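Engineer: Chains as they are written, first to last, in the numbering used here: chain A, 2 to 294; chain B, 3 to 111. Sharing a structure below in structure tokens format, with a few things to ask.
Here's what the structure looks like:
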């Protein structure tokens, strides 16, 4: 969404700042509308901007080649050889560059709905919040229930509602980062829309991809959703406190994860009891950049 | 259903490059390991192109096979399905082809 003119696709972003209290929607502030000098890419066809200037548009070269070739009757063929997701990939690279220069670690957290992403973040925020600055970008189709949970755990959070969309894209994350303005040496947790298919295709500019696989979902997910697992850097097997009550073969799951994502690290965690959480925190700390002077 | 967003990406990319042309045909290349289902893109195409300079255009999709290289036995093979396991049993493989998702060309009137 363009913070100056409000032109947008279907996605809506809302900031829950540090002083936010759950007293109804009247207190919700959209800091993005006050942002200036923004830097974004979008299609400005079809509407009038009323004369304001859009600074810093980046329309980088994606290496696409365009030249006319053989004419066939009344039609002319133009070769493009352009990646379909080139625009998203360019925006993601711009996000990645911005995060690195600022010294911020961004994690793309993905799973099916109900695997425990928000619960994991709540506990992480409560236990690490005084040692590490953490902000959160929450992606959901609708509602701000998760943002309010995260906010209650002490983190500043931007809720992005994707509307009809089934995943976050790099432009939505760029907007979230503008609103959050994460400090140097901090971690931005991007909680993607609960979905094991679509989010895997969209680079957001993150440093690492973390996939949660809860034991209540069953042990067959890596083989059923290989694209998601193939691109993961870390796989968190979640809700391990429920292992005695569910039919989940940990060995089979680990062996299938090896097939789909041989390079990924796997950890077992329970955000309910805290088991295994220390290893997750250590993994995060190892990747968090030192704050800039 | 990320194919809807993928198809929107196709329309955005073409209209950005050729804003004034009337597009009569779009050629896509979709690899077997790209995670995108060609039939779903076909399903979305008419809906997404409505009201754009691609409205009424034909959609031609070339589906390319996956190709992997095994780091253990050194052979190249076509994976059977989306999980790349070498016939020798190794899972240490590198994808060489099949992740393409691109607009090869368009035809304009």
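Just so it is clear, CB atoms sit at the ideal spot from N, CA and C, and this is done for glycine as well. Fair warning: this is a prediction, and the values are worked out from it, not measured in the lab.
#1: Based on Cα-Cα distance, which residue from A:186, A:173, A:268 and A:115 lies nearest to residue 206 (chain A)?
#2: Consider the Cβ of residue 136 (chain B): report whether some Cβ of chain A lies at a distance smaller than 8 angstroms.
#3: Closest by CA to residue 157 (chain A), which one among A:180, A:140 and A:260?
#4: Could you tell me the distance, in whole angstroms, from the CA atom of residue 54 (chain B) to the CA atom of residue 272 (chain A)?
#5: For residue 63 (chain B) and chain A, any beta-carbon pair shorter than 8 angstroms?
#6: In terms of residue numbering, what span does the beta strand (DSSP E) encompassing residue 253 (chain A) cover?
#7: Enumerate in chain order the residues of its own chain whose CB-to-CB distance from residue 43 (chain A) is below 6 angstroms, with the five nearest sequence positions on each side excluded.
#8: Within 8 angstroms (strictly less), CB to CB, does residue 269 (chain A) reach chain B?
#9: Among residues of its own chain, excluding the 5 on either side of residue 101 (chain B), which ones have a beta-carbon nearer than 6 angstroms to its beta-carbon?
#10: Please state the DSSP three-state secondary structure of residue 80 (chain A).
#11: What in chain B is Cβ-close to residue 201 (chain A), meaning under 9 angstroms?
#12: List, in order along the chain, the chain A residues whose C-beta lies closer than 7 angstroms to that of residue 111 (chain B)?
#13: May I ask which residues mark the beginning and end of the alpha helix (DSSP H) holding residue 122 (chain B)?
#14: When the Cα atoms are used, what is the spatial distance from residue 283 (chain A) to residue 238 (chain A)?
#15: On the three-pair Cβ rule with 8 angstroms, is the stretch 84-103 of chain B touching the stretch 42-59 of chain B?
#16: Could you give the C-beta distance for residue 188 (chain A) and residue 285 (chain A), rounded to a whole number, given that I count them as a contact under 8 angstroms?
#17: Using a C-beta to C-beta distance shorter than 7 angstroms, which residues of chain B count as neighbours of residue 228 (chain A)?
#18: So, under 8 angstroms CB-CB, residue 220 (chain A) and residue 242 (chain A) are touching, yes? Tell me the CB distance rounded to an integer number of Å.
Structural biologist: From the atom records:
#1: A:173
#2: Not covered by the structure: residue 136 (chain B). The range shown for chain B is 3 to 111.
#3: A:180
#4: 48 angstroms
#5: no
#6: It is not in any beta strand (DSSP E) - residue 253 (chain A) instead sits in the alpha helix (DSSP H) that spans 251-261.
#7: Low confidence applies to residue 43 (chain A): its pLDDT is 41, below 50, so where it sits in the model is not reliable enough to give any reading.
#8: no
#9: 33, 35 and 36
#10: strand
#11: 4 and 37
#12: 75 and 76
#13: Only positions 3 to 111 of chain B appear in this structure, which leaves residue 122 (chain B) out of reach.
#14: 16 angstroms
#15: no
#16: 6 angstroms
#17: 37 and 84
#18: About 16 angstroms; that fails the 8 angstroms criterion.
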